[in-house]
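Here the structure is laid out as structure tokens; the discussion comes afterwards.
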Amino acid sequence: MSVNLNFKPSVIDGAKLAVSNFMYLPQASEFREVKLYVSRTETIHKEVGNVCGEVYAFKNDVPYKYKRFIVQAAKDNKGNYIYSFPLFDFEGEMISEEEFQKIWEQHCAE
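Counted the way numbering that gives the first Met the number 0 counts, the sequence shown spans residues 0 to 109.
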């Protein structure tokens with residue numbers, strides 16, 4: 000017996016998977032305050048927005064604290080989501096904390 004399921008994850012679940020893939024222990028990723036902020040609906044893609052939230056991070060192999068992330072998502076004409084690489088607030092490791100805060104305020108605030 001076999002079962003064929005055409006499961007499409009929600010935009011938030013897909014973004015969480017994208018973030019988990021960058022974590023030290025992907026299977027241990029814990030999320031909170033994750034939300035989609037739709038920025039446009041009238042483009043070649045049916046929907047464009049940012050998934051913003053927090054993921055529990057490790058530092059030097061030790062549990063550390065929740066850190067913010069942003070993933071841009073777009074829905075294509077077939078209804079599938081396309082995700083950007085995540086942008087993390089990792090204390091200046093990717094970009095400065097000030098620059099991350101500006102992006103957060105532009106894309107993740109109501």
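Even glycine gets a Cβ: it sits at the ideal position worked out from N, Cα and C.
- Per the C-alpha coordinates, the member of Ser38, Gly48, Glu97 and Leu24 positioned closest to Gly13 is Gly48.
- Within a 10 Å sphere around the beta-carbon of Leu86 sit 16 or more other beta-carbons, which makes this residue buried.
- Between Asn20 and Val54, the alpha-carbon positions lie close to 12 Å from each other.
- Secondary-structure assignment with DSSP links Lys7 through no beta bridge to anything.
- With a beta-carbon spacing of about 6 Å, Ile69 and Ile102 fall inside the 8 Å limit used to define contacts.
- When the five nearest sequence neighbours on each side are left out, the beta carbons in the same chain lying within less than 6 Å of the beta carbon of Phe99 are those of Asp88, in order along the chain.
- Beta-bridge annotation (DSSP): Phe57 is paired with Pro62.
- The alpha carbon of Lys7 has as its nearest neighbour, out of Asn79, Val37 and Val33, the alpha carbon of Asn79.
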